[in-house]
Structure formats: C-alpha cells, structure tokens
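J.: If you scroll down you'll find the structure; I have some questions about it.
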Ligand code: HEM
Ligand code: SF4
Ligand code: SF4
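Protein chains in written order, with my numbering: chain A, 264 to 467; chain B, 117 to 483.
Dropping the structure here:
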C-alpha cells in the first residue's frame, strides 16, 4: 500500500504557475475554482520563496474528522477523496484544513456553497460511470497509471508527487547535493527527470 | 461510571410503575450508547497538520516556518488563487477542530443527556408538583392567542433546529451506519437546508418574544426567596411568592436574552458567508453557536419538563390560554392578587372562544 504525497521544493519553485494551469486543464474544474495555488512569501526581496500547494492528502485528515456527512474516504493509495453526492457544502472541511484546500463554487446566503471541490491527486472520485466521474471530479490519471499532471508538468521538478517514501528520498538526496555546482541534478540515480515523474503503477 | 451508580440508585424508590422503569432503563441505555460514541470520537481525529506541512514543503528555514504559521499576508505575500486572502497555513484550523471534536462534541452530549437523566431522576424521586387545593373551576386568562401562537411557533422551530443541529454534529455516528448512504445523504442534506433557512425565522420570533415579555421578567426582590426555596418544587405545601413570572421563568427568559441572542448572532455569521467574514471568524462563530445551542437545548429540557409533566396545570395556560384560579394562587400569588377579579367561569371562557375571538383580551396585566 502506497501513501501518496505531494512535496514542493521551495528552493526550486520559480512561481511559473505551470502546475496551476496543468491542474485546471487536466480536471476541467468549475469557473472560479483553482485546486492548486502558488504562494509566494517576501515577493521581490532577497529571501523570496514560493511554494505550490493543494490538498496534501493528510494522514488522519482533519477534513475527514470534522465533516458532518462523513463523506471523505482514503483510497488504498492514501489519497483523500470525497463523495459530492453526500457533501452538503457546510464549509467545515475548509475551517479545518491546514492548507486551505477545499473550495466552493458559490458563497451565497443561507450557507449555499454548492459542493466542495478539492484536489483529488488526479484520482477522480466515486461515480457510476467514467463520464460522471470526469464531470464531478476531473480526470482519473491514477487509474491509468499516471501521476497528477501538476507534478508531471512542473518545469523545475520543484513539485513532486508519489509515494511518500520515494518522494522524501529524492528530496533527501537533493539536500545532500545542494550547494553542488549543478544543484541536485548529477550523481543522483533517482533524480533523472524520468524517475522524478514517479510512476504510481510501477511501484504501487 | 457515574452512569452506573445513577442506575443503581434508581432502584431505591418504589414509586415507579413497570413502564416508567422500562422507559428509564431505555433512557439510561441510550445515554450509555451515545456517551460512548462521544468518547470514541475523541479517540479518533488525531490528525497532525504540523507533520503534513513538513512533508509538503520540507527544507524551509525556521524563520520561514514562523512567517508561514503567523498567517502573514502582508504586501509582499502573493497567492495565485483568484480572490484568495488565505495564508499558506491555516494555523487556527487545528484549534477549531480540537475545540469542536474533543470538547464541544462530547461535553454537549453529556450536557443534554445528563440533563435528561437528572430530570428523569427528579421525576422518579420527587415526582410531579400537584395542585394542593382543589380547583375552583374559575379561569384566569394567562396567555392570549397571539402569544400562544408565538410560543408554539418558536417551540416547534427550536426543536427542529435542535434536532437538525445535533444531526450535523452527531448524526454521522448513528445514522450513516444505520441507514446507509442514500437515506443518510437525504437526511443530512435536509437537516442542513432546514437548519439554515429556519434559523433566521427563529431569530426573528425570538426577538419578538423577548421584547413582548421583557416587562414581566424584570428581576424583583421576592425572586431571591423563590430561588432559595427552589420554587417550592421540593416540598409539598411550599409556595414562595411570585408575580406573573416566577424566578425560574425569569432565569429562562434571561438565558434566552443572552445565550439565545449569542446563538442567533453566531448563527447568522455562519449562515451568510456572502457577507465576507473570514474563515477564522466562522471558526469562532461555530464554537460559540454549538456551545450556546447545546447549552440551551439542555436547559430547554427543564423548561419542557416543568411545563408538561412536572407541574399540574401549567400546560393549560399555553394551550387554552387560561389557568385555574387555584393554580394561579399557588404558583403566582402576587399576580393572582392583581387579576383575581378577572376570573371567569368555564362557560364564560367557552362563550368567549365561541365568539368571533375578538372578545378575548389581547393582553394580560403584568405584576
Ligand atoms: C438564528 C438561528 C440560527 C441560525 C441562523 C443557525 C445557523 C446555523 C448554521 C449556519 C450552522 C452550520 C451548519 C451548516 O451550515 O451546515 C449551524 C449549526 C448548528 N446549529 Fe444552528 N442556527 C440557528 C439556531 C440554532 C438553534 C436554536 C439551535 C439549537 C437549539 C442550533 C444548534 C446548532 C448546532 C448544534 C449546530 C451544529 C454545530 C456543529 O456541527 O459544530 N442552531 N447553525
Ligand atoms: S483537504 Fe486539507 S485537511 Fe483534507 S486531506 Fe486535503 S490538505 Fe488535508
Ligand atoms: S463542505 Fe462537504 S465535504 Fe466539506 S465538511 Fe461539509 S459536507 Fe463535508
């Protein structure tokens, strides 16, 4: 059983918003909703730092613990998904989420928010048909043996997605090599671009 | 364990009939089941956002973490999401979740079911407060039609809001496993919609009610004596002085005027996200709302008990509008002195009601 995680290497993120665009494209989400965002601290200063964030598919996810409908579940890959048929749009998951991941299509009187939407790790969600799944949750790349499109398309490989252990190993090796004249890109068997776009199906 | 001892001590009084004892046992069982559910909920939810953050963005310096956690979104902070003013990390989310899941949720249950058990125990040991003197058969108007309608509309809404609100907090532990997703989905969605649309209606009625009875509920000196004697509920033949409202009713009024108002105000904050209040504001509103809601639900059980089972003759004032002279004399002596000349026979009451309804005075005198 894998435990899928995203990891963003702040040393590498150049705030290009490619991940944000890739996500929009892969999942065709509703207007106004943006499952991934890039946050920049101290913009324009020497210590500027950017991080790409979306749902982090927490272990013991806080959203899961507070949802009144209990509509969240964790897949065997450790991905946190939710059932839009059950969701009542109460907003509690947003109150609890450490990363501000849940979003709502509306914000109207009487707590009418519509169905919560968040990153699915490109793993779709519960539905009767592929079409319904795509319409409600976006693409299911995991079922096709692919990783989330945001991480796959990250130009600097700042954003990594995959089994937590593997992603952490890659990062550790980078840190070991950091300061090296070619960054973390040489003498690192796992740091070739191929391996970084880690294949969930191969190592699942 | 307190539950067990409470159960044991109920065996002592021999007044109860078979079915009362049966109901009592069922109630205790329910308390145990629900209580253990509350406790098991405490044991779940051990999520650790801190660890997630370290996985999500490792290799950030201590200073940067401090900045991120402080929720700083000052001028050099950028977020690529449309309209977003969220900091990177929602530091108060964990506080809110722990307050709600570990404190409000279990202790709310303890408050509501503890109150229900205390009332049941009280009923079994002390029993109903009967009228001491025989009824005179003459009636005094206590609640005109308008006030009765207001009261029962509020009562209905309150019960609906309490049940739907508790469903939002506890329903998933009971009904989802019991009924399955299809029914549970319909149930929780109906709960949310009715709670969110009826809530504001309740708020309006509450304010009308508070304004129309505030004069009857100004605290007076004799209320202290009433409270000292616990309203005479414990002793046969004891009837401390009281005006139109006794001290117990005044306490209920002032609870509604304070806790009730906090409840509806926090309710509005939650109910209208379109007003642009922040996520942090809503977290606090939720805690205030749940504490006030569950607290009032617990106290309302006492109000409902006294109004129905607990005291002979009280319910008549709110159903027919009229109370018996004896009831007025025993429970509201000072008010009775003021209005005793208005007592009428049952035939006169019937005639008044059979008429066009306009002959019923629209207000009662206050004391
Ligand atoms: C003006 C009146 C009220 C308004 C506007 C209001 C509004 C709300 C809202 C918006 C929520 C959040 C639920 C959601 O959106 O799904 C809520 C939850 C809740 N309400 Fe109310 N409400 C009102 C009155 C009451 C009353 C009278 C009670 C109890 C007697 C009550 C008990 C609760 C409880 C227990 C919750 C669940 C809290 C939680 O899950 O943490 N509410 N209410
Ligand atoms: S929505 Fe938020 S709390 Fe839930 S798993 Fe994703 S990041 Fe964690
Ligand atoms: S908005 Fe939907 S998913 Fe989020 S806590 Fe409420 S019901 Fe659950």
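Just so it is clear, CB atoms sit at the ideal spot from N, CA and C, and this is done for glycine as well.
Given residue 334 (chain A), which residues of its chain have a CB within under 6 Å of its CB, disregarding the five upstream and five downstream residues?
T.: One-based indexing of the first chain puts residue 334 (chain A) at position 71. Result list for residue 334 (chain A): 345, 346, 349 and 350, in chain order.
J.: Kindly list, in the order they appear in chain B, the residues whose Cβ is closer than 7 Å to that of residue 349 (chain A).
T.: Here residue 349 (chain A) refers to the residue found at position 86 of the first chain. Result: 297 and 301.
J.: Please decide whether residue 174 (chain B) counts as near chain A, where near means a Cβ-Cβ distance under 8 Å.
T.: In the second chain, residue 174 (chain B) corresponds to position 58, counting from 1. Yes, residue 174 (chain B) lies at the interface with chain A (some Cβ there is under 8 Å from its Cβ).
J.: Counting pairs of Cβ atoms below 8 Å between the region 447-454 of chain B and the region 260-272 of chain B, do you hit three or more?
T.: Cβ pair count under 8 Å is below three, so no.
J.: If you draw a straight line from the alpha carbon of residue 397 (chain B) to that of residue 212 (chain B), how long is it in whole angstroms?
T.: Numbered from 1 along the second chain, position 281 holds the residue referred to as residue 397 (chain B). Numbered from 1 along the second chain, position 96 holds the residue referred to as residue 212 (chain B). Roughly 11 Å between the two C-alpha positions.
J.: Could one say the Cβ of residue 165 (chain B) lies closer than 8 Å to chain A's Cβ atoms, at least one of them?
T.: Against the second chain, residue 165 (chain B) aligns to sequence position 49. It does: the Cβ of residue 165 (chain B) has a partner Cβ on chain A nearer than 8 Å.
J.: Which residues of chain D have a Cβ atom closer than 7 Å to the Cβ of residue 196 (chain B), listed in chain order?
T.: The displayed structure is made up of protein chains A and B, and chain D is not among them.
J.: What are the residues in the region 338-361 of chain B lying within 8 Å of chain A by C-beta distance?
T.: Those residues of the region 338-361 of chain B that come within reach of chain A (Cβ to Cβ, closer than 8 Å) do not exist; the list is empty.
J.: Within 10 angstroms of its Cβ, does residue 365 (chain A) collect 16 or more other Cβ (buried), or is it exposed?
T.: In the first chain, counting from the first residue as 1, residue 365 (chain A) sits at position 102. Buried, since its Cβ has 16 or more Cβ neighbours within 10 Å.
J.: Report the rounded CA-to-CA distance for residue 240 (chain B) versus residue 234 (chain B), giving the unit in angstroms.
T.: As a first step, residue 240 (chain B) is located in the second chain; it is residue number 124 there, counting from the start. As a first step, residue 234 (chain B) is located in the second chain; it is residue number 118 there, counting from the start. For residue 240 (chain B) and residue 234 (chain B), the distance between alpha carbons rounds to 10 Å.
J.: Which chain A residues sit within Cβ distance under 7 Å of residue 304 (chain B)?
T.: One-based indexing of the second chain puts residue 304 (chain B) at position 188. Those are 331, 332 and 351, listed as they occur along chain A.
J.: Could I get the ranges of all uninterrupted alpha helix (DSSP H) runs contained in the region 382-445 of chain A, with 4 residues as the minimum, in chain order?
T.: You should have 393-400, 412-416 and 427-440.
J.: Out of curiosity, what's the CA-to-CA distance linking residue 322 (chain A) and residue 339 (chain A)?
T.: Along the first chain, one-based indexing puts residue 322 (chain A) at 59. Along the first chain, one-based indexing puts residue 339 (chain A) at 76. Their backbone Cα atoms lie some 12 Å apart in a straight line.
J.: Quick one: does the C-beta of residue 216 (chain B) sit closer than 7 Å to a heavy atom of ligand 1?
T.: Within the second chain, the letter at position 100 stands for residue 216 (chain B). Yes - ligand 1 has a heavy atom lying nearer than 7 Å to the Cβ of residue 216 (chain B).
J.: Where does residue 203 (chain B) land, buried or exposed, given buried means 16+ other C-beta within 10 angstroms?
T.: Along the second chain, read from residue 1 onward, the residue named residue 203 (chain B) stands at position 87. That one is buried.
J.: Which residues mark the beginning and the end of the beta strand (DSSP E) in which residue 395 (chain B) is found?
T.: Stepping through the second chain from its first residue, residue 395 (chain B) is reached at position 279. Note, residue 395 (chain B): premise wrong, no beta strand (DSSP E); alpha helix (DSSP H) at 395-423.
J.: Is the shortest distance between the beta-carbon of residue 410 (chain A) and the beta-carbons of chain B less than 8 Å?
T.: For this step, residue 410 (chain A) is matched to residue 147 along the first chain. No, its Cβ sits nowhere closer than 8 Å to a Cβ of chain B.
J.: Using a Cβ-Cβ distance cut-off of 8 Å, determine whether residue 384 (chain B) contacts chain A.
T.: Indexing the second chain from 1 puts residue 384 (chain B) at position 268. Taking Cβ atoms only, chain A never reaches closer than 8 Å to residue 384 (chain B), which makes this a no.
J.: Compute the minimum distance between the beta carbon of residue 334 (chain A) and the heavy atoms of ligand 2, and state whether it is under 7 Å.
T.: Within the first chain, numbered from 1, the residue matching residue 334 (chain A) stands at position 71. Result no, Cβ not under 7 Å from ligand 2.
J.: For the alpha helix (DSSP H) holding residue 216 (chain B), just list the boundary residues, first then last.
T.: Here residue 216 (chain B) refers to the residue found at position 100 of the second chain. No alpha helix (DSSP H) contains residue 216 (chain B), which DSSP labels as neither H nor E.
J.: If the cut is a Cβ gap below 8 Å, which residues of chain A does residue 400 (chain B) touch?
T.: Locating residue 400 (chain B) in the second chain gives position 284, where the first residue counts as 1. Here the premise fails: no neighbours, minimum Cβ distance about 10 Å.
J.: Closer than 6 Å by C-beta to residue 467 (chain A): which residues in its own chain qualify, once you throw out the five before and the five after it? Chain order, please.
T.: Here residue 467 (chain A) is taken as the residue at index 204 of the first chain, counted from 1. Residue placement at residue 467 (chain A) is poorly supported in this model, since its pLDDT is 31, which falls under 50; the coordinates are not used for a value here.
J.: My assumption, with CB atoms under 8 Å, is that residue 322 (chain B) sits in contact with residue 262 (chain B). Please give the rounded CB distance.
T.: Residue numbering aside, residue 322 (chain B) sits at position 206 when the second chain is read from its first letter. Residue numbering aside, residue 262 (chain B) sits at position 146 when the second chain is read from its first letter. Actually they do not touch by this definition, with Cβ atoms about 16 Å apart.
J.: Run the proximity test for residue 335 (chain B): is its beta-carbon closer than 7 Å to any non-hydrogen atom belonging to ligand 3?
T.: Counted from its first residue, the second chain places residue 335 (chain B) at position 219. Every heavy atom of ligand 3 is 7 Å or more from the Cβ of residue 335 (chain B), so no.
J.: With a CB to CB cut of under 7 Å and the five nearest residues on each side skipped, what residues in its chain are close to residue 304 (chain B)?
T.: In the second chain, the residue the question calls residue 304 (chain B) occupies position 188. Same-chain partners within the cutoff: 283 and 287.
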